[in-house]
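Trainee: Quick one: structure below, then a few questions.
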Amino acid sequence: YSKMQQSESNCGQDSTSPSSLSPQLISGTALDLTRLSEGNDPPLDAETPLIRGVISEELARVDALDAQINRDCEDAPPELIGDQAEAAERIRKHRSILSPVRRMPPELICGIFALLLEDDDEILPTPLWHLGHICHSWRLFVLGDTQFWRCIIIPTAPLRPGDCAMVEAQLFRSGNAPLTVYWVVGNTKETMDPRMADLLVAESNRWVSLRLDVFRSHSVNALEWLRPVHGHLAALGKLEMDHGSHARVPDVFGIAPSLREVYLTDWALGHASPDISIPWGQVVRYRGSCEAEFQFEILQAAPNLQHCVVGFEDSLDRDECASVTLPQLRCLYIENLGCLVHLSTPILEDLFCLEAETPSLPSVLAFVRSSSCAITRLILMECAICGELITLLRGLPALTYLLVGAETDEEEQEKALFEAMTLSGTSDICPRLASLWYGVGEQFPQDPFFAMIHSRLMRRQPSADQPQPHSCLTRLRIFDTDDNIEVADIEAPIRVLHDEGLDVVFMDEHL
């Protein structure tokens, strides 16, 4: 709000009282001086010539006073200097009334205010109630623009006086705009207040995004307030639920023809997904963590998935399920690499592997080969540095982006990796790599690493020994999540790479 007050003083508004305006203006017209001096409203068309006339009169008065003061020099009475300052101040105040900012169109004002909204899927934009405090005209602009009122964050119970009225006002101001609804349970016994539920359910046909954080709830009936929305979710396109294990999910999402995104656990896959009925055949983005058998049933029912994040609450025997083909999948984030043997993804481009341990790395390459996909982005978190990793990278010639979070305390393992990745006349490991992120191990060998990086800074043309062209590395990120190296030890080689034109950053904090 303080920023809004500061911007107010720079936008043509003058906080002075009407008595500080020109006496001629006050006595000769019927201007609304309170409106002109305390707000950002523009003057009426009939008022503008009068204000300009006052400015001209005061300018002439200042010129006359200047001449008299210059003529009298040191003998000029102090009253003249005071009159000159008062006239100059009146000119400034009247000019502020004519400021072009006061005539900025509502679309531009609201466009500027919209920049204050959060542009992050993980952070919900809160209603900008304080924007209405600036001035009358800007308040009207904000109240009339539905984009500022579309996100309904349901207050936690017990409701405070005015909570229902606030949400009701927000729903009214949102007009017929699509709504994002967010409810987070603040304590273990909390349920939805019936008054609040009635307000929201009445507008369920406008819900385009529903986010329910009921992980803390111990009440089996915490979500019962949703039952009346069954059959009224025609606009719902995105469902997010951080569930836990207690609240029962009513069967209300089975009929949601616009539903395309379903997120049933957090990004860390730390919470089990609920038992829920979803029209999986139409879903294109999914995140969930559940028992392996149930997870594969979901994948089997969702052939149109394009982006998928899957966690497994248990292991799955190789013979327990048939292979699942996801013909549209382009991005896969998977927790249990052993389950890759059951998947076929012919157009997969991005693969994110959590806990890439030595025994599981061969299954990644087997999966890529059996799917006949050309992986271009590979992320290996908590990755074992070993010969199996080198073999895997050698089998991914289309790779352009690689992130490796090293899990090793043996310097020789990292040396072997860097030497294998050093481009030479016959090297065939990741020839198209353009972006590399590397999380250093405990015994990070700097010299072999930077030698490998330098070998990838020059673009190489095809030759008889190497028919595929080598792409030039353009971006390097080195991250140290365990404080294995000192910043001072790595500054010099990074500076050299930067001087050679590489976009390089060392990050000594957790990603």
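Just so we're aligned, residue 1 is where the sequence shown starts under UniProt numbering, counting upward by one. All C-beta atoms in this analysis are idealised placements derived from N, C-alpha and C, irrespective of residue type, glycine included.
(1) Expressed to the nearest angstrom, what Euclidean distance is found between the alpha-carbon atoms of Glu407 and Gln443?
(2) Tell me whether Thr265 is buried or exposed, calling it buried when 16 or more other Cβ atoms sit within 10 Å of its Cβ.
(3) By DSSP, does Phe506 sit in helix, in strand, or in coil?
(4) When the Cα atoms are used, what is the spatial distance from Ile255 to Leu236?
(5) Would a C-beta distance cut-off of 7 Å place Arg102 and Glu58 closer than the cut-off?
(6) Is it buried or exposed, Asp145, if we count other Cβ atoms within 10 angstroms and call 16 or more buried?
(7) Whose C-beta lies closer than 8 Å to the C-beta of Leu305 among residues of the same chain, with five residues either side of it excluded?
(8) Which one of Gly288, Trp267 and Gly281 has the shortest CA to CA distance from Asp275?
(9) Kindly indicate which three-state DSSP category Met421 falls into: helix, strand or coil?
(10) Cutting at 7 Å between CB atoms, please list the residues of its own chain near Ser277, excluding the five before and the five after it.
(11) Go ahead and label Trp267 buried or exposed: buried means 16 or more other beta carbons lie within 10 angstroms of its beta carbon, across all protein chains shown.
(12) Is it the case that the Cβ atoms of Arg248 and Val229 are separated by a distance below 7 Å?
(13) Assign Met241 to one of three DSSP states: helix, strand, or coil.
(14) Within 10 angstroms of its Cβ, does His136 collect 16 or more other Cβ (buried), or is it exposed?
(15) Measuring CA to CA, which of Ala202, Trp183 and Leu199 is closest to Arg216?
(16) Which stretch, first to last residue, makes up the alpha helix (DSSP H) that contains Met452?
(17) Spatial neighbours of His240 within its chain, please: CB distance less than 6 Å, with the 5 preceding and 5 following residues excluded, ordered by chain position.
(18) When we look at the beta-carbon of Ser27 and count the other beta-carbons within 10 Å, is it buried (16 or more) or exposed?
(19) Unbroken beta strand (DSSP E) runs of length 3 or more, entirely within the region 337 to 378: which are they?
(20) Please check the pair Arg377 and Tyr401, which I expect to be a contact at CB under 8 Å, by giving their CB distance rounded to whole angstroms.
(21) Do the CB positions of Leu98 and Leu80 come within less than 7 Å of each other?
(22) Between which two residues does the alpha helix (DSSP H) harbouring Glu79 extend?
(23) Please report the distance separating the alpha-carbon of Trp225 from that of Leu117.
(24) What would DSSP say about residue 512, mapped onto helix, strand or coil?
(25) So, for Thr345: in the same chain, excluding its five sequence neighbours on each side, which residues have a beta-carbon less than 7 Å away from its beta-carbon?
(26) Mapping DSSP to helix, strand and coil, what is Trp225?
(27) Compute the Euclidean distance between the alpha carbons of Lys238 and Phe141, then round it to the nearest angstrom.
Mentor: So, from the listed chains and residues:
(1) Locating residue 407 in the sequence shown gives position 407, where the first residue counts as 1. Locating residue 443 in the sequence shown gives position 443, where the first residue counts as 1. Computed Cα separation, rounded: 11 Å.
(2) Here residue 265 refers to the residue found at position 265 when the sequence shown is read from its first residue. By the neighbour-count rule (16 or more Cβ atoms within 10 Å), Thr265 is buried.
(3) Walking along the sequence shown from the start, residue 506 turns up at place 506. Here Phe506 carries a strand assignment [DSSP, helix/strand/coil].
(4) Looking up residue 255 in the sequence shown gives position 255. Looking up residue 236 in the sequence shown gives position 236. Straight across, the Cα-Cα distance linking Ile255 with Leu236 is about 10 Å.
(5) For the purposes of this step, residue 102 is identified with residue 102 of the sequence shown, where counting begins at 1. For the purposes of this step, residue 58 is identified with residue 58 of the sequence shown, where counting begins at 1. Judged by their CB atoms, Arg102 and Glu58 are not nearer to each other than the 7 Å cut-off.
(6) Residue mapping note: residue 145 aligns to position 145 of the sequence shown, counting from 1. A buried status is given to Asp145, since no fewer than 16 other beta-carbon atoms sit within 10 Å of its beta-carbon.
(7) As a working mapping, residue 305 is identified with position 305 in the sequence shown. Same-chain partners within the cutoff: Val283, Val284, Arg285, Tyr286, Leu299, Leu326, Gln328 and Leu329.
(8) The sequence position of residue 275 within the sequence shown is 275, counting from 1. Nearest neighbour of Asp275 by Cα position, chosen from Gly288, Trp267 and Gly281, turns out to be Gly288.
(9) Translated into positions along the sequence shown, residue 421 becomes position 421. In the three-state DSSP reduction, Met421 falls in the helix class (H, G or I).
(10) Residue 277 sits at position 277 when you count from the first residue of the sequence shown. Closer than 7 Å at the Cβ level, and outside the excluded window around Ser277, lie Asp251, Phe253 and Gly254.
(11) Here residue 267 is taken as the residue at index 267 of the sequence shown, counted from 1. Classification for Trp267: exposed.
(12) In the sequence shown, counting from the first residue as 1, residue 248 sits at position 248. In the sequence shown, counting from the first residue as 1, residue 229 sits at position 229. No, Cβ-Cβ distance for Arg248 and Val229 is not below 7 Å.
(13) Taking the first residue of the sequence shown as 1, we reach residue 241 at position 241. If DSSP states are grouped into helix, strand and coil, Met241 belongs with the strands.
(14) As a position in the sequence shown, residue 136 is number 136, starting the count at 1. With fewer than 16 Cβ atoms within 10 Å of its Cβ, His136 is classed as exposed.
(15) Translated into the one-based positions of the sequence shown, residue 216 becomes position 216. When only C-alpha atoms are compared, the closest one is Trp183.
(16) The residue given as residue 452 occupies position 452 in the sequence shown. Segment Gln446 to Ser455, the alpha helix (DSSP H) holding Met452.
(17) Counted from its first residue, the sequence shown places residue 240 at position 240. As written in the sequence, residue 240 is Glu, which differs from the His given in the question. So the list reads Arg211 and Tyr263, once near-sequence residues are dropped.
(18) The residue given as residue 27 occupies position 27 in the sequence shown. In this prediction, Ser27 scores a pLDDT of 42, lower than 50, which makes its location untrustworthy; the coordinate-derived value is nonetheless stated afterwards. Result: exposed.
(19) Counting only runs of at least 3 residues, the region 337 to 378 fully encloses the following beta strand (DSSP E) elements, listed from N- to C-terminal order: 350 to 353.
(20) As a working mapping, residue 377 is identified with position 377 in the sequence shown. As a working mapping, residue 401 is identified with position 401 in the sequence shown. Confirmed, about 4 Å.
(21) As a working note, residue 98 is residue 98 in the sequence shown. As a working note, residue 80 is residue 80 in the sequence shown. Not in contact: Leu98 and Leu80 (Cβ atoms no closer than 7 Å).
(22) By one-based count along the sequence shown, residue 79 stands at place 79. Counted as a single uninterrupted DSSP element, the alpha helix (DSSP H) harbouring Glu79 occupies residues Pro78 to Ile97.
(23) Position 225 of the sequence shown, counting from 1, holds the residue named residue 225. Position 117 of the sequence shown, counting from 1, holds the residue named residue 117. Spanning the alpha carbons of Trp225 and Leu117 requires a straight line of approximately 29 Å.
(24) Residue 512 is absent from the model: the chain starts at 1 and stops at 511.
(25) The count along the sequence shown starts at 1 and reaches residue 345 at position 345. These residues qualify, in order along the chain: Leu326, Leu329, Leu332, Ser371 and Cys373.
(26) As a working note, residue 225 is residue 225 in the sequence shown. In the structure shown, Trp225 sits in a helix (DSSP, three-state: H, G or I).
(27) As a first step, residue 238 must be located in the sequence shown, where it is residue number 238. As a first step, residue 141 must be located in the sequence shown, where it is residue number 141. Taking the straight line from one Cα to the other gives about 29 Å.
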